[in-house]
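Structure record follows, encoded as structure tokens.
Residue numbers (the numbering used here): 4 to 462.
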């Protein structure tokens, strides 16, 4: 066999290996693109499902609360009846036009929810038509019907989660196919495709595995958020209405008790009202954290906005024997912000009240300092106190819901503040260590321009 023959054989083998490489490479690219499309579809449908079930449960709870308010009134105004009718119509419309993927995959569950909406409407109408004494006696039947409706919505959410899980399984099967194709290419074209295998593994497969892991983690987190949304709506219904009834009875009981003749009973009633208010505050803060509102942006001057806030709360600070110092740059009177003034006032109020409680009222040198600076495209507002500071073991947890060192605190003030700041494109930080060396110092950072366009619409 001549060298020319071997050259022709080697050339033929190399040509076959190149053709095989091109074929396998093209197949691999198609499979990867398919996996990416499925992954994007999973994330989109999970987000739509989460919003649909959370908003539907909240709407049903709001409708039920409106029915109870109408039933509790002796002579309800026409607007109360209109509110119930409007909410009933909104609930029917809402569940009549869900996202497309829910209609195709969960038609039976949606039919059950619509049937329960009709049943609740019939029973609420019958209940409202009864005399007030009969309404109180039959309240449990209406409550059971509403609870059944919420369970049907929760079951619909579980079915939606199962549907998304099937899509995640398909995504994982597609990824398994990609791995098998890659393995076959290594077996058949060891020599020629070794470098290609290294490049594909490094440039494509590892990022893809990381994306799939991130998608799994995100779908798990979103499933928890979906359950949290339904739970929050149910929790608001199950706690607010009984607590409202308890508060009314405590008020009525307080009218019957003469504090001068029976001071102990009056004190117990006062304590009862305080605890009821605390439970209502916890529920309200929890719902604010679980269902954040998009900012309603307006243009404000930075210095005037902060000075107005301080003017409203200076007397509260000084009444505690605390000195309030403010040092804002003069040029801030020309600095404009695009923010939701009400939401950011809530952030400042949370930080200020934390500082008030941290500063020692027994000390003669208790001080709260507010200072600011602007750099580049940001402004930074620093609020510091000279109290005991944040314990080291709590510094990593203070922005975690329900983590608090205060007696009677909800542990939601700082998480809500950070959530509001981030919806404005900024953030809230605990500075460690404090610039003054004592106490605690929190930094509110906000962009000088408007926040990113995606932020006002986030869920």
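Glycine included, C-beta positions come from ideal geometry on N, C-alpha and C. Being a predicted model, the structure only gives us computed values, none of them experimental.
query                                                                                                                                                                           : result
Is the beta carbon of residue 87 sitting closer than 7 angstroms to the one on residue 69?                                                                                      : yes
Restricting to runs no shorter than 3 residues, where is the beta strand (DSSP E) found entirely within the segment 293-332?                                                    : 301-304, 326-330
Buried or exposed: where does residue 388 fall if 16 or more other Cβ atoms within 10 Å of its Cβ makes it buried?                                                              : buried
Do the CB positions of residue 370 and residue 420 come within less than 7 angstroms of each other?                                                                             : no
For residue 1, which residues from the same chain have a beta carbon less than 8 angstroms from its beta carbon, with the 5 sequence-adjacent residues on both sides left out?  : Limits of the chain in this structure are 4 at one end and 462 at the other, which puts residue 1 out of reach.
State whether the segment 371-380 contacts the segment 426-437, with contact taken as three or more CB pairs (one from each stretch) at a distance under 8 angstroms.           : no
Using the rule of at least 16 other Cβ atoms within 10 Å of the residue's Cβ for burial, across every protein chain shown, is residue 457 buried or exposed?                    : A caution first: residue 457 carries a pLDDT of 40, below 50, which makes its placement in the model too unreliable to give a value.
Among residues of its own chain, excluding the 5 on either side of residue 158, which ones have a beta-carbon nearer than 8 angstroms to its beta-carbon?                       : 112, 115
When you compare the CB positions of residue 386 and residue 354, do they come within less than 7 angstroms of one another, or not?                                             : yes
Can you find the residues in the same chain that come closer than 6 angstroms, C-beta to C-beta, to residue 357, ignoring five residues on each side of it along the sequence?  : none
Look at the Cβ atom of residue 279, then the Cβ atom of residue 256, and state whether they are nearer than 7 angstroms.                                                        : no
For residue 340 and residue 346, what's the separation of their Cα atoms in angstroms?                                                                                          : 13 angstroms
Between the alpha carbons of residue 245 and residue 450, how many angstroms are there, rounded?                                                                                : 43 angstroms
Can you list, in chain order, the stretches of the beta strand (DSSP E) that have 3 or more residues and sit fully within the segment 48-130?                                   : none
Between residue 441 and residue 392, which are expected to be in contact by the criterion C-beta below 8 angstroms, what is the C-beta distance as a whole number of angstroms? : 7 angstroms
Would residue 404 and residue 394 be called neighbours here (beta carbons separated by less than 7 angstroms)?                                                                  : no
Verify whether the separation of the beta carbon atoms of residue 253 and residue 262 is less than 7 angstroms.                                                                 : no
My assumption, with CB atoms under 8 angstroms, is that residue 426 sits in contact with residue 298. Please give the rounded CB distance.                                      : 6 angstroms
Can you look up residue 375 in the DSSP assignment and give me helix, strand or coil?                                                                                           : strand
Is it true that the CB of residue 317 sits closer than 7 angstroms to the CB of residue 336?                                                                                    : no
For residue 350, report the span of its beta strand (DSSP E) as first-last.                                                                                                     : That residue, residue 350, is in no beta strand (DSSP E); its alpha helix (DSSP H) goes 344-361.
Mind checking which residues open and close the beta strand (DSSP E) that includes residue 401?                                                                                 : From DSSP, residue 401 is part of no beta strand (DSSP E); its letter is neither H nor E.
Do residue 362 and residue 476 have their beta-carbon atoms positioned less than 7 angstroms apart in this structure?                                                           : The question about residue 476 has no answer, for the chain in this structure spans 4 to 462.
In terms of alpha-carbon separation, which member of 343, 312, 338 lies closest to residue 329?                                                                                 : 312
Which same chain residues, not among the five before or five after residue 398, have their C-beta less than 7 angstroms away from its C-beta?                                   : 433, 435
Specify the secondary structure class of residue 450 as computed by DSSP and reduced to three states.                                                                           : strand
Where residue 282 and residue 33 are concerned, what is the direct C-alpha to C-alpha distance, given to the nearest angstrom?                                                  : 56 angstroms
Mind checking which residues open and close the alpha helix (DSSP H) that includes residue 422?                                                                                 : 416-426
How about residue 152 and residue 63: are their beta carbons less than 7 angstroms apart?                                                                                       : yes
Within 10 angstroms of the Cβ of residue 368, are there 16 or more other Cβ atoms? Answer buried if so, exposed if not.                                                         : exposed
With DSSP as the reference, identify every bridge partner of residue 381, one or two as the case may be.                                                                        : 378, 450
Assuming residue 66 and residue 91 form a contact by the criterion Cβ under 8 angstroms, report the distance between their Cβ atoms to the nearest whole angstrom.              : 6 angstroms
Does the Cβ-Cβ distance between residue 390 and residue 384 come in under 7 angstroms?                                                                                          : no
Rounded to whole angstroms, how far is the Cβ of residue 156 from the Cβ of residue 59, which I believe are closer than 8 angstroms?                                            : 5 angstroms
Since residue 323 and residue 359 should fall inside the 8 angstroms C-beta cutoff, what is the C-beta to C-beta distance between them, to a whole number of angstroms?         : 6 angstroms
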